[in-house]
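Right, one structure below, let's go through it.
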Amino acid sequence: MVASRRFILLMTLFLVFESCGDPKASRDFLPRIYLFGMDSVSFEGKSECYLSYLDEDEDDLRIDKQRIMAKYRGGMSAGFPKHSMTIKLRKAHALAGLKNDRDWILNASYIDKSFMRHKLSFDLFNSFSTDNEAPATAYVEVYMDSNYYGLYVLMERMDASALAVDKQDSTSFIFKGPPIFLRPALLLDSLNLIPFDNQYQKSPRIAERNMHSHLTRARDFIARSSNEEFSSEPGGIQDLFDIKNIIDWHLLLLVTNSEDGLAKNYYVYKKNEGTGIRIAPWDYDHTFGRDGDNEPSWESFIDCHGNFMLKRLLALNPNNYRESLKRRYIELKERGILTSEYINGMIQENYRIIEPCLDRNAAAWPMDAALYYDSLNTTRELELIKKWTVKHMRLVDELMLAN
Numbered sequence: 264m265v266a267s268r269r270f271i272l273l274m275t276l277f278l279v280f281e282s283c284g285d286p287k288a289s290r291d292f293l294p295r296i297y298l299f300g301m302d303s304v305s306f307e308g309k310s311e312c313y314l315s316y317l318d319e320d321e322d323d324l325r326i327d328k329q330r331i332m333a334k335y336r337g338g339m340s341a342g343f344p345k346h347s348m349t350i351k352l353r354k355a356h357a358l359a360g361l362k363n364d365r366d367w368i369l370n371a372s373y374i375d376k377s378f379m380r381h382k383l384s385f386d387l388f389n390s391f392s393t394d395n396e397a398p399a400t401a402y403v404e405v406y407m408d409s410n411y412y413g414l415y416v417l418m419e420r421m422d423a424s425a426l427a428v429d430k431q432d433s434t435s436f437i438f439k440g441p442p443i444f445l446r447p448a449l450l451l452d453s454l455n456l457i458p459f460d461n462q463y464q465k466s467p468r469i470a471e472r473n474m475h476s477h478l479t480r481a482r483d484f485i486a487r488s489s490n491e492e493f494s495s496e497p498g499g500i501q502d503l504f505d506i507k508n509i510i511d512w513h514l515l516l517l518v519t520n521s522e523d524g525l526a527k528n529y530y531v532y533k534k535n536e537g538t539g540i541r542i543a544p545w546d547y548d549h550t551f552g553r554d555g556d557n558e559p560s561w562e563s564f565i566d567c568h569g570n571f572m573l574k575r576l577l578a579l580n581p582n583n584y585r586e587s588l589k590r591r592y593i594e595l596k597e598r599g600i601l602t603s604e605y606i607n608g609m610i611q612e613n614y615r616i617i618e619p620c621l622d623r624n625a626a627a628w629p630m631d632a633a634l635y636y637d638s639l640n641t642t643r644e645l646e647l648i649k650k651w652t653v654k655h656m657r658l659v660d661e662l663m664l665a666n
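Position 215 (the sequence shown) corresponds to 478 in our numbering; numbering is contiguous.
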């Protein structure tokens, strides 16, 4: 997994600084996924259908009408006409240059006209360190029963394989979006914390091993520990969480302006007994100047005190957390990653890839539809994101480099 992340990091750096100037980087058609028999597919549970896959650059990896399982997915996005999907192949297969896997997410990116907010955020987090885990992504075009259905972001599923979680270790777990960073005032009462719903635990299966008590202890400690307990060495917050990972997540929240990411839109996981609890980002369309419903937020600036753990880390400064956060920010700037030039280079490279598909997608899903706050097309949306990035990174600099 470390080798895989290192490869992704090196390829990201290569593409940003080399391929941006290569006119051959564009393709008329991206890898294509054809779905058949989708009438029975719903949001309720996986149903059987068929998938074909074609990549003109990798003909030996084609799939011809393989039986698969699929379901529509999404919370608020379930109300959008273009649906995201979960698909499960009969056997592992490499799609769009990503690693072999059976489980995939097809993200419709309907409300995000840039088609990049997820991808930029995940690629950034992975570029910070080969130890970080965020979904690997690629662009594909999807057809349903031979009809064009649009441009999609293909994502790897955040499971034990992607997160390098040792399923044989009795202390390991994966939870999706559990509310563990709430301030005490949001808890039900002084004795009983909000119970976890079974939907949060993704690994291991609840029937095999219920890990809620492990997460409840973490949430109790964040919300209820004394200042001395929180900051103590050993036994404090830095024994419970992987602080290097938390620092990188903290920086990702700041740089992307992911207010939604403070209290949800993440996976909480523990690899094995020898590691602390870690965070993997997920669902980052509420970033880069837009809210998750497409409402503009070009002028807002995230307040990380809205996450109670980050608030206590900043206020109590255990093991000099604030200085560690600043040093890491400076390091990533000096490596050329946390700069507007680098981020806008990533945007330009992604645009080079998807540009030939944009008219086809817009014909299928017009960008002046009633659900949008404006009628900007993808090109104009990206111009705004680039301007926002330059302005926002100046604000992040002011915050992180003060004193």
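Glycine included, each C-beta is placed from N, C-alpha and C at the ideal position.
The structure displayed is predicted, hence computed values, not measured ones.
Restricting to Cα atoms, I'd like to know which of the options is closest to residue i.
i	options	result
residue 474	533, 654, 580, 312	533
residue 600	658, 389, 345, 404	389
residue 359	387, 490, 424, 399	399
residue 368	377, 422, 387	422
residue 484	504, 471, 472, 395	504
residue 296	425, 476, 591, 416	416
residue 355	349, 348, 363	363
residue 314	370, 331, 471, 597	331
residue 627	654, 463, 413	413
residue 396	542, 491, 374	542
residue 318	403, 490, 435, 577	403
Under the three-state reduction of DSSP, which class applies to residue i: helix, strand or coil?
i	result
residue 602	coil
residue 651	helix
residue 419	strand
residue 372	coil
residue 595	helix
residue 468	coil
residue 524	helix
residue 586	helix
residue 428	coil
residue 489	coil
residue 665	coil
residue 574	helix
residue 609	helix
residue 531	strand
Work out the CA separation of residue j and residue i for me, nearest whole Å.
i	j	result
residue 467	residue 427	13 angstroms
residue 658	residue 608	19 angstroms
residue 621	residue 548	19 angstroms
residue 499	residue 445	18 angstroms
residue 656	residue 556	23 angstroms
residue 378	residue 603	19 angstroms
residue 616	residue 586	39 angstroms
residue 480	residue 508	20 angstroms
residue 286	residue 488	Its pLDDT being 40, under 50, residue 286 is placed unreliably by the model, and nothing is read from it.
residue 610	residue 651	12 angstroms
residue 594	residue 664	12 angstroms
residue 558	residue 536	42 angstroms
residue 598	residue 327	44 angstroms
residue 629	residue 643	14 angstroms
residue 305	residue 573	38 angstroms
residue 341	residue 310	17 angstroms
Spell out whether any CB of chain B is found under 8 angstroms from the CB atom of residue i.
i	result
residue 402	The displayed structure is made up of one protein chain only, and chain B is not part of it.
Mind checking whether the beta-carbon of residue i lies closer than 7 angstroms to any heavy atom of the ligand MG?
i	result
residue 639	This structure does not include the ligand MG; it has no bound ligands of any sort.
Check your understanding: Between the region 562–580 and the region 629–642, do at least 3 Cβ pairs fall closer than 8 angstroms?
Key -> no
Point to revise | the region 431–445 / the region 513–530 touching (three or more Cβ pairs under 8 angstroms) | key: Taking 8 angstroms as the limit for Cβ pairs, the verdict is that the region 513–530 does touch the region 431–445.
Exercise for review: Any chance you could list the alpha helix (DSSP H) runs of at least 4 consecutive residues sitting entirely within the region 335–407, in chain order?
Suggested key: 380–391
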